[in-house]
Every structure is written in C-alpha cells, then in structure tokens.
Amino acid sequence: IDFLTFHKLMIGDFMQNFISISLSNKKKMKNALFIVFIIFILFTVRLAYIQFVWGAELSEKAWEQQSQSRSITAKRGTIYDSTGKYILAENSSVESISINPTNIPQEIKDKVAHALCDIFELDYEKISKKVHKRSSIESIVKKVDKSKADELRNWMDTNGITTGINIDGDSKRYYPYGSLASQVIGFCGSDNQGLDGIEAKYDSQLKGTNGKINRQTNASGISLGEENYVAATDGNNLILTIDMTIQSIVEKYLEEACIDNICTDGGSIVAMNPRNGDILAMANYPSYNLNTPYEPYSDELKATWTSLDAASKTAALQGIWRNKTISDTYEPGSVFKTVTASAALQEGLVTDIDQQGQFCCTGAIEVAGTRIKCWRYYRPHGSESLRLALMNSCNPVFIGLGQKIGVTKYYEYLRKFGLFSKTGIHLPGEANSIFVKEEKAGPVELATISFGQRFEITPLQMITAVSSIANEGIYIKPRIVKSIQNSASGEITDLPIETGEQIISKENAKKVLSMMNSVVSEGTGKNARVDGYQVGGKTGTSEDGVNTGKYVTSFCGVAETDNPSIVLLITLYNPTGEGGHQGGGVAAPVGGKILGEVLPYLSSKSGD
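First residue of the sequence shown: 68, per our numbering; consecutive thereafter.
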C-alpha cells in the first residue's frame, strides 16, 4: 500500500475512533448531568422539608441556644392561724447561684469552679463539668443565705468578674414555730413544692407562678441587648381554722400525757368547734421540726440513724409525718355509746333518760350463744336509767339497745353520722372506717358495735359524730382552712361551712349532752371536771387489735354542754405506765387540764 493510501486509511480510523469516543463521552456527560440533576432535586426537597416541616422546631431550638433564661421563684403564700396574728409558715429571703458557661473566659473557668466549690462547699468535679459545658445556663446552688452569696460577690469584685455568674433573689420556706401542728401544716421540697399536709393539699393556691429573666445572645454567647424581666406572681395566703393558743395548749398536755403514761405508740388530740366544723387544734405525738423534716426526731433514732439503710430511714420519717387523727383507724370503745344512745332516743326506745329501773345490768348478756360481759362483771350495776348506764359505761344496756334498734336501722344511723365515708377534710391521707358489711352483720357483730368495739374509725370521724350531736343533732363537716387571701388584691374568700342532715332532734341532742354532763360530774369521766364550767364527756377503752395486749384509751369532752363551743377528743395509744389503760384514769385528766386552760381563753375571746 502506498503512503497516500496508508495515510487515508489511518485518518479514517482516527476519525472513526474520535467520533466513537466523542459519542461515548457525550453519553457519560448526559448520565453525569442526570445524576447531578437528581442530586439537586433531592437537596431541594430536603431543604424544603427542613424549612417547612422542621422549621418551627429548629427555630425554637436556635432561640433556646441563643437565649439565656433564669427563673424567678414566686413567693409562696403565707399560712396564718385562725386569728391572723400568728404566722405558721412563711418565706425567708435567700439567693440562688447560676452560671452562663459560654460567658466565662476559657482561661478562668478552673478558677471560677474552685471559687464556687470553696464558698458553697460543693463537689469540684461536678461543678467543673458545669463550668466547662457549652450551654447557656447551669444551676450551681439554690436557696443559700445572703452571707454566702455576699462572699461570692466579694470574690467577683476582687477578681474583676462581671459576667457569667448570676446571683438571683430567691425564697425559702420557714416555719417560725418549728414543730407546732407539724403533721397538719406539712412541709415543702427544695423547689418550694408542697410535699405534705396543708402545703401539699393547697399547693396550687400557695405556690404562685414563677417569673423569669430572658437575655438574647448570638451564637458565641455574647449579649445582644437588655434583659427582659417577667415578674413572678406570688401565691395566695391561707387562714387556717387552727387557733395558735389552743394548739399550743393541746400539744403541751399531749406530750406530757404520752411521756407520763409511757404511750409506746404515741397519741393524738383533735379539738373542733361544733357550730361551724372548724378544727381548733389537731396534734400528734411525737411531732417533728418542719424546718428539718428529713432529720431524725428522737434521741433514740439519732443514735442509730447512721446505721439504718435508706428504706428504714424513709419508713421512720414517713411514720413521724403521719397525721394519726385522720390517717390511723382505731376501735373507739365506750365513747361510741353516745352514738347508740342518740339512735335509741331518736327511735323512741327511751323517752325518759332518768327512768330508774328501765334497764338492769346483771354483769353479762347472752347474744346468739355468746356471753358478753360488763366491765363490772363481778359487781353488776343492777337497776339503771339510760343516764346511769352512760355514766357507768354499762355494756349490756347498750347491747340491748342495739338489739332493739336492729341492724338495718342501726346502720342507717351510722351512715347519717358519716361513719361509712371519709369526712372530706382538706388534708392528704385521710383513711376511711372499717365496718363489717350490713348483710354480714349478725347479732354478735351488732352487739359489739353497740358498745364501740370490733370495728375501726378515725379519730376525726369520731369527733365529727359527737360534734354533730353537739350541733343540735345536725351533721357538721370538719374544715381546716377558713379563708384564702388573694396575694395581689388582698381580697379574702371564706370557705363555706358545710352541714348535712338532721340526724337526731334538737331535744334528743340536748338529752345526750345532759347525760354526758353527768358522766363528767359523777361518772367515769369525773377526772375531766373543770370548776365553773359545764363539761360533758365520755371515756373509752378498747383493745388495739385482737390479742395484741395493747390498748387505746380515750376521752371525748364537750364544753359547755348548755351551749357547746368545743368538742375535744383525746386518743392515747398503748399507755403502759403505772396509771393503767382505762380512759377515766388516763385520758380524762388530760381533757380536764386542756379544758381548764382553753375554756377561759374562749370566754375571753367571746367577751372581746
């Protein structure tokens, strides 16, 4: 082949290959462009999704990251006694410390951490982690005394630190009278939230609404303007029905009684105004200091505290926080005979309470093959009127009355007296009664209920029943808060007095009070007499459960019987002292001492 022919052939092959390569590259370019286009579409869709679906959420997160917000704790409402003169719970001024880690220069972070730990006695490792965090705000310590906060202020001035450390005003719950009415008032946690008692039940009224301080920053944490201050709304104030003077008297004599009579399981006393249901005093022994609710309360417990595990410590504390008057049930014993007497009078089984010979105690009574003894089995009471039967606390008489009333009618009176349901008092932890069901109540069950045994009620249910008798036979609901005061306007809203149905007539109620007066003047409750005053009452003694060997002794007093202003129930759990465990010898004297001081006080108040 000559050169020309060879050259043509070479050029032809080259052009063919070039065209082939060009076509191949063009196809690849198209494919690449197509892939780029698809990727662009995906990015666009993703961007649109982020913008329109996640936009609000991401904007909020960005706002949070660039906003430094500090909470301003609302001032918790004050709790007053019924007179309004005495403060039972209030707030004391303290301060809380927080930091803005992004505003603290890197070179002094360790120095700041050491200073915070030294001043407030904190763990360095924990505080150092907070100082080195990339966050807008971290809490360091809450509710410290102003003197400690001033130490920090002085350190900041000395070291020229003006940003990154915040000292904000705060408040701390304080109880001026320590253990007074502790189980009623309750206490708050470190966040000012009510955890027990009135503090917990009325937390929504007391706590108020927290305020805040907002400051907008850029991504580097540098402030972009002035702080935005949102004021806190203080909580409302409460005026309780508790009278400081009466509460103090009651607690004094309850402690004395529990110590003198060696009451191994403590005791409780509740005083109630039968005209309006106001709880004038509610006390439990032992009590605890509301300012230090998590510390051991007795010398015995303090000695073993460090050796107890967490569960045992919790159980011990919860036991002392417990309000026995509403949370614990007991067999009321002969105090309950006032209920049986009321039902018998209302049913017309007795019309003349002084009719001698209407009843006869032979020392025991036979019920469905079971012989139930009188406490004076070996020296029977013999011929009695209803008044004498109550004065003598004669079991057979009240068993007989229960039999005549019958299960159905008797249970109807129990319901009317509110003994099948909680009283509804505005306190947490109220328990309900324990009765055998009506359809299962046989002759023996009815007999034991008639004189106050083999069922359980709370002390509050018992005093409510007696107060209803003293309230001219009309059921009266107990209340613990008298009124609520608006913190902003000062306006006071009184809580309503709640009554129920007429359980027994006014005339029959007077007869029961007259018999109770005789119990104190001449009967088993004579140790509760108060010179110059008409005091009525009924003593009670019962076993604390079956075959436990423990007893509950009690006394319920009414004064004055011609115009009642106070009903008092004393309940002492397992007295083991030399005085024994009978209500007349152990509980009645306590009632006399208390009423001996309270009645002159009430007289002076009414005179005012």
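Think of the CB as a built atom: it goes at the ideal place given N, C-alpha and C, for glycine as much as any other residue.
At what residues does the beta strand (DSSP E) containing residue i begin and finish?
i	result
Ser165	Ile154 to Ile166
Ser365	Neither: Ser365 is in no beta strand (DSSP E) and is coded neither H nor E.
Thr643	Looking at the DSSP string, Thr643 is not in any beta strand (DSSP E), and its letter there is neither H nor E.
Glu589	Taken as a continuous stretch (DSSP letters only), Glu589 belongs to no beta strand (DSSP E), as it is neither H nor E.
Ser335	Gly334 to Met339
Gln569	Thr566 to Gln569
Glu512	No beta strand (DSSP E) contains Glu512, which is instead part of the alpha helix (DSSP H) from Pro510 to Ser517.
Tyr542	Ile541 to Ile543
Just tell me which of the options has its CA closest to the CA of residue i.
i	options	result
Gly519	Thr407, Met583, Lys504 and Asp421	Thr407
Ile570	Gly485, Thr515, Met583 and Arg596	Gly485
Asp395	Gly227, Ile175, Lys489 and Leu481	Lys489
Asp153	Pro447, Ile309 and Ser374	Here the sequence assigns Tyr to residue 153, which means Asp is not the residue at that position. For Tyr153, the nearest C-alpha among the options comes from Ile309.
Ala377	Lys197, Tyr361, Val634 and Gln173	Tyr361
Ile432	Lys380, Ala514, Ala216 and Ser556	Ala514
Val251	Ala156, Ser165 and Tyr320	Ala156
Gly274	Asn303, Leu368, Lys504 and Pro168	Sequence inspection shows Lys at residue 274; the Gly mentioned does not correspond to that position. Here the closest residue by C-alpha is Asn303.
Thr628	Glu506, Glu539, Pro168 and Pro563	Glu539
Thr525	Ser632, Thr312, Asn584 and Val337	Val337
Glu568	Lys369, Met529, Ile637 and Leu481	Leu481
Ala508	Met529, Asn499, Glu523 and Thr475	Thr475
Ala383	Pro363, Ala498 and Ser374	Pro363
Pro563	Pro243, Thr276 and Arg342	Arg342
Could you round the C-beta distance between residue i and residue j to whole angstroms and report it? I think they count as a contact, below 8 Å.
i	j	result
Gln272	Gly436	Not a contact, Cβ separation roughly 57 Å.
Ile516	Gly469	7 Å
Ser535	Ile543	5 Å
Pro41	Lys268	The structure shown does not extend to residue 41, since the chain is modelled only from 68 through 675, so no value can be given for it.
Ser149	Lys549	6 Å
Asn351	Thr392	7 Å
Gly430	Cys441	5 Å
Ile313	Ala348	5 Å
Excluding sequence positions up to five away, which residues of its chain have a Cβ less than 8 Å from the Cβ of residue i?
i	result
Thr229	Met223
Ser365	Pro353
Asp611	Asp332, Tyr397, Glu398, Lys617, Tyr618, Val619, Tyr640 and Asn641
His181	Tyr191
Leu662	Ala595, Val597, Tyr600, Val602, Gly624, Ala626, Ile633 and Leu635
Tyr676	Any question about residue 676 goes unanswered here, given that the chain covers just 68 to 675.
Cys184	Asp190, Tyr191 and Ile194
Pull up the DSSP beta-bridge partners for residue i, would you.
i	result
Asp623	Here the sequence assigns Cys to residue 623, which means Asp is not the residue at that position. Cys623 pairs with Lys605 and Leu636.
Cys255	Gly261
Ser550	Ile306 and Asp561
Phe110	Bridge partners of Phe110: none, in fact.
Lys380	None; Lys380 has no bridge partner.
Glu30	The structure shown has nothing for residue 30, since the chain only spans 68 to 675.
Arg438	Glu433
Tyr397	Ile524
Lys239	Ser159
Tyr147	Ile154 and Ile306
Ser206	Ser165
Glu414	None, per the DSSP bridge assignment.
Val297	Lys279
Glu610	Tyr618
Ile661	DSSP, once it has assigned bridges, lists no residue as partnering Ile661.
Output needed for residue i: all residues of its chain with C-beta closer than 6 Å, excluding positions within five of it in sequence on either side, in chain order.
i	result
Trp130	At Trp130, the pLDDT of 49 sits below 50, so the modelled position is not reliable; the number obtained from the coordinates is stated separately. Around Trp130: no qualifying Cβ.
Ala655	Gly592, Asn594, Ala595, Thr606 and Phe622
Arg521	Thr515
Ser460	Ser401 and Thr591
Gly650	Thr606, Gly607, Thr608, Thr620, Ser621 and Phe622
Lys471	Leu416
Gln132	The predicted position of Gln132 is uncertain, since its pLDDT is 49 and thus under 50; no value can be drawn from it.
Quick one: what's got a C-beta closer than 7 Å to residue i's C-beta in the same chain, skipping five residues either side?
i	result
Gly449	Cys427 and Cys428
Val653	Asn328, Thr620, Leu639, Pro642, Gly646 and Gly647
Glu664	Ile316
Pro545	Met339, Gly344, Ile346, Thr490, Ile492, Leu527 and Thr531
Ile171	Val179, Val198 and Gly231
Val464	Phe426, Cys428, Glu451 and Ala456
Glu162	Val211, Lys213, Ala216, Ile234, Asp235, Gly236 and Asp237
Ser588	Arg596
Tyr477	Ala410, Gly469 and Leu513
Going by DSSP, what residue range makes up the alpha helix (DSSP H) through residue i?
i	result
Cys184	Lys176 to Phe187
Ser246	It is not in any alpha helix (DSSP H) - Ser246 carries neither H nor E in the DSSP assignment.
Gln17	Residue 17 lies beyond the residue range present for the chain, which begins at 68 and ends at 675; the question has no answer from this structure.
Tyr352	That residue, Tyr352, is in no alpha helix (DSSP H); its beta strand (DSSP E) goes Ile346 to Tyr352.
Ala537	Pro526 to Ala537
Ala324	Met311 to Asp327
Val198	Tyr191 to Val198
Glu218	Lys213 to Thr225
Asp270	Asp270 to Leu273
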